[in-house]
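For reference, the structure discussed in these notes is given below.
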Amino acid sequence: MIPRFWLPLLLLTLGLQTVTAQDAENEQTTTNQGRLSGNLQLNGNFFMRDSSIGAANTPQYDRQLFGAESWLNLNYQNWGFDMGIRFDMFNNSNLLNPNGSYTDIGVGRWYVSRKINKLGITAGYIYDIIGSGIIFRAYEERPLAIDQALYGIRATYDLTDNWTVKAFTGRQKQQFDTYASVLRGAAIDGFVGSDSSKVTLAPGFGVVARTLDDGSMNNLVADLNTYRKVDILQMFPDTLNGEGPNYNTYAFSFYNTLTAGPFAWYIETAMKTKEVIADPFGERVTVSGDTISGKRYINKSGSVIYTSLSFAKQGLGITVEGKRTENFDFRTRPQEEGVRGLIHYIPPMTRVNTYRLLARYAAATQFIGEQAFQVDASYAVNKKLSLSANFSNITNLDGDQLYREIFTEIYYKYKRKWTLTTGVQLQDYNLEVYFGKPEAAPAKTVTPYVDFLYKFNPKTSIRLESQYMSMSKSHGVRSDYGNWVFGLAEFTLAPHWAITVSDMYNINPGKESPIDVETGEKEKIHFPRFDVYYTHKANRFSLSYVKQVQGVVCSGGICRLEPAFSGVKMSVNSTF
Amino acid sequence: MKKYILPLVFAAFFFSSCEEIPPTVTGSMVMDDDEPNPVEDQKRQVLIEEFTGVRCVNCPAGSAKIEDLLGSHGEQLVAVSIHAGEFSPPYPASQYDFRTDDGDQLLSYLGEPFGYPTAVVNRKLFSGQFDLQLGSDDWAGFIATEKEIAPKVRIDIVPNFDAVTRNLTVDVALYVDEAISEPDVHLSLMLTESGIQDLQLTPASSTPQSDYTHKHVLRET
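If you're matching them up, the sequences are chains A and B in order. Just so we're aligned, residue 1 is where the first sequence starts under the working numbering, counting upward by one. Just so we're aligned, residue 577 is where the second sequence starts under the working numbering, counting upward by one.
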């Protein structure tokens, strides 16, 4: 355990010593020569068992009762160096595994970065992206406990003012450890044009390679050796001549942004060499003769094409996006599932909904096959009134419907007194694919919503929110949890206080709603929530009582099923 | 053109080692001989504890995989299916409740999995893994690794079942081949039952299959 701490501690000690010494000498000098900044995020969850909503049978509800996560980030700049260290803590945390309990503590990140003329070098835990992330994205997404930092080294070199090349190698972070597979990559990014140009180009090309570690390959081969020979021959037709799973997989990507007046056009096309990946919707016959549906290995190359065309002028904004994905699951090892071990990120093709019921059914990015397009339009009629609409459609490569959304919004602002936001959302959501429910009819919803903000004075305001979700029926039964109604009132006393009360009520229960043991009827359950937020300068505190229905939690198309929650949440956020 | 030299060098670096020697994949090699071996010849036994539930739609795929592994490894692999966790509550129409207090405690002791199917192999945290619970793609590899290790203790289990009194007597003899330094060593006996037909959710239908055959279900420890 000691070695993983010594370098970060040394860095921090060096940094702090400098500050202290300089403080003693002259505080002004400190400001001029070195700069220490950072931020803190602290979450605490008190778990209160409620079997009626399924908030039970995890270590936290059964015996631990409390869980916490914290990240303290410190960055120091001096002598032309940037360096940083992040303290991570997970205490009986359900963030990593919503059904489990995870406890560990340590240095979650450290890095040192230096620019030497045109050469930039960074070592440590690196966050970076190539293009839009289709072949490589090392990033952090705390609500999903994603931390795909690259633990390694990166060099950048400015070929000209407009052209930069970078190369990196390392391994992917996994909590306080790293995966064993080795990653390497390079990219060249450019810019053609000038500030006065009517037409500009921002082209780029990237390549990433992953070398599978021996342990992962041994397990892969051992698992493939449980497949029938006929399946193996299908995957490796030339197996007699030594064809087998590849250690090295290469992913390439070309991308470019073209801007011409009010238009901006981004296109990225990526391909990946043949590798063994897992198809979560596969099927195969076992040696024993059983047909099993679910995850199975395939040996295929992959491709993604993604494009986005946007137009913005005089209050009118239109964006059209399209994407086609085929066998593009790129992970540090093929055994990893869900949000784990992903090397890349494929942009989602749906809008990010924030209202509670509108966000209930989110479409997770499908890596094996997805064909999608999205149109987003907004128009400001005048300073008071604006309109917007969004349409997105996702199918698999066979044309089966996975997701469709129609969203409309009217925004009206009356002087500085009140604003009204209202509209309706229609969804068609494939429960079989996204929730893994066999033979489940798609959830077709109609959800009108209203958001009304009234300002009593510049400091005091109240916001009222209401949504109603109407769910389609299949064989006389409403899909999933059926119909919902949601109401929220938020009272704000700027600049410090905000108090929110809300309730989500399962007004017409559906197929998955729990049954009342006494009556034998489906239960109409309330999911209330009460929040208090206090903000003082760069510090923000929150205390919430939460009952939350099980659902999907997503971030940028990367989703996971989230069990119900019952209890009290508190958080502290601070930047300095 | 000079400015393109460096990127080309990088590209060459990436392509230079495209040729590789892949491992050999044979497909399944089923063992013909599953006759019990005398304890003198006993090799290391590998225990796979599968966590499952009658409401777990993906678990039958894991169970089928275990059947294949039992076919490949014969007597050296011992499988136990533990019904515990979020998918384990029986249906109202289920004939049996496969859950046991011991199963719940084992799940709590070994840790909640990230997803199902899931199993723990020899209760060991393997190199490159971060949890005891393993996804089904990792089972075969770690079982093969464990099989190769020489046993520290050979175990001879002789069960005697009296059909009249329905009493089961088990004689266990331990042959310690290697000094064991651990101060706290326990012997656990697990009683499993196979061939039970009852409800199980499968990917084939939204209603559970009524005649699904449950195997090596943990009944008692």
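Cβ atoms here follow ideal geometry from the backbone N, Cα and C, with glycine treated the same way.
- Your pair I153/A and F168/A checks out as a contact, with CB atoms roughly 7 Å apart and the cut at 8 Å.
- Within chain A, no C-beta atom comes nearer than 9 Å to that of F674/B; the closest sits roughly 16 Å away.
- Spanning the alpha carbons of K323/A and K537/A requires a straight line of approximately 42 Å.
- The distance from the Cβ of Q148/A to that of Y157/A is about 24 Å, inconsistent with a contact at the 8 Å cut-off.
- Counted as a single uninterrupted DSSP element, the alpha helix (DSSP H) harbouring C635/B occupies residues C635 to H649.
- Within the same chain, and ignoring the five residues on either side of K437/A in sequence, the residues whose Cβ sits closer than 6 Å to its Cβ are L431.
- DSSP places D398/A in the coil class of the three-state scheme, outside both helix and strand.
- Assigned with DSSP and collapsed to three states, L763/B falls in coil, not helix or strand.
- Of the other Cβ atoms in all chains shown, fewer than 16 fall within 10 Å of the Cβ of L385/A; this residue is therefore exposed.
- Under the Cβ criterion (8 Å, minimum of three pairs), the region 179–187 of chain A does not count as touching the region 293–302 of chain A.
- Residues of the same chain with a CB within less than 6 Å of the CB of A372/A, apart from the 5 flanking positions on each side, are K323, M349 and I394 in chain order.
- Bridge pairing for A260/A: V199/A and F263/A [DSSP].
- D82/A is a Cβ neighbour of S113/A, given a cutoff of 8 Å.
- Nearest neighbour of G108/A by Cα position, chosen from R142/A, Y403/A, Y76/A and L119/A, turns out to be R142/A.
- At least one C-beta of chain B is nearer than 8 Å to the C-beta of Q335/A.
- Within chain B, the residues whose beta carbon sits less than 9 Å from that of A180/A are S703 and G704, listed in sequence order.
- Comparing alpha-carbon positions, the option among K115/A, R86/A, Q77/A and N219/A lying closest to F718/B turns out to be N219/A.
- When only Cα atoms are considered, K547/A and V276/A end up about 42 Å apart.
- Beta-bridge annotation (DSSP): E562/A is paired with G551/A.
- Collapsing the DSSP output to three states places I130/A in a strand.
- For T259/A, the CB contacts under 6 Å within the same chain, skipping 5 residues up- and downstream, are T200 in chain order.
- A direct Cα-Cα distance of roughly 30 Å separates L561/A from L623/B.
- With the criterion set as a beta carbon lying under 8 Å from some beta carbon of chain A, the members of the region 637–668 of chain B are A637, A640, K641, E643, D644, L645, G647, S648, G661 and E662, in sequence order.
- For a Cβ distance threshold of 8 Å, residue set N219, A222, D223, N225 and T226 of chain A lies close to A716/B, ordered along the chain.
- Cβ contact annotation for E465/A (same chain, cutoff 6 Å, sequence separation greater than five): D451 and L488, in chain order.
- Annotation: V568/A to S544/A spans about 6 Å, alpha carbon to alpha carbon.
- With a threshold of 16 other beta carbon atoms within 10 Å, N241/A falls short and is exposed.
- Minimum Cα-Cα distance from R699/B among the listed residues T789/B, A655/B and K619/B corresponds to A655/B.
- The continuous stretches of beta strand (DSSP E) do not include F718/B, which lies in the alpha helix (DSSP H) extending over residues W715 to K723.
- Chain-order list of chain A residues neighbouring D713/B: N219, L220, D223, A278, K295, Y297, P334 and Q335, by C-beta distance under 8 Å.
- Between S479/A and K511/A, the C-beta spacing is below 8 Å.
- Nearest C-alpha to Y454/A among S474/A, L426/A, F491/A and S392/A: F491/A.
- Within chain B, not a single residue places a beta-carbon under 8 Å from that of I126/A; the smallest gap is close to 17 Å.
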